[in-house]
Amino acid sequence: MKTRYLDMAGVGRALASPVSRHAVVKWRERYPQGSEHPFPEPDVITGAWDVDPDTGELVDDQDERGVPGWNAERLPEIEAWRARLPGRTGRPRKSD
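The sequence shown lines up with residues 1 to 96 when you count with the UniProt record's numbering.
Below you can see the structure in the form of structure tokens.
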């Protein structure tokens, strides 16, 4: 049986309050590993391999240009992460 993973668009659509792929991309950029509120690391990165032109062997790209994927079972973890986002009070109102 194949294991299926959610890409960034899939994560965004699967949340209780759906968001765009762009929102998930921004969360990963704004809250990287090592920050005070890091976005959950993906379970898999696909396509992050290059072929060495001299040997023809696969070489780990290391810069993670590939597509990240999260197991759907981790959606509660991502929902909990989102609920703890700082500044989730909405846009400030204009004063009267």
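Where a beta carbon is used, it is the ideal one built from N, C-alpha and C, also for glycine. All values derive from a computational prediction rather than experimental measurement.
Query raised in the report: Name the DSSP bridge partner or partners of residue 45?
Result: For residue 45, the beta-bridge partners assigned by DSSP are 68.
Query raised in the report: Could you give the residue range of the beta strand (DSSP E) that holds residue 58?
Result: In the DSSP assignment, residue 58 falls within the unbroken beta strand (DSSP E) covering 58-60.
**Report entry** Segment limits, alpha helix (DSSP H) that includes residue 80
**Finding:** For residue 80, the enclosing alpha helix (DSSP H) begins and ends at 75-83.
Query raised in the report: Does the distance from the CB of residue 45 to the CB of residue 59 come in under 8 Å?
Result: Taking 8 Å as the Cβ cut-off, residue 45 and residue 59 do not qualify as a contacting pair.
Query - Option in 54, 2, 51 and 36 with minimal Cα separation from residue 81 - result: When only C-alpha atoms are compared, the closest one is 36.
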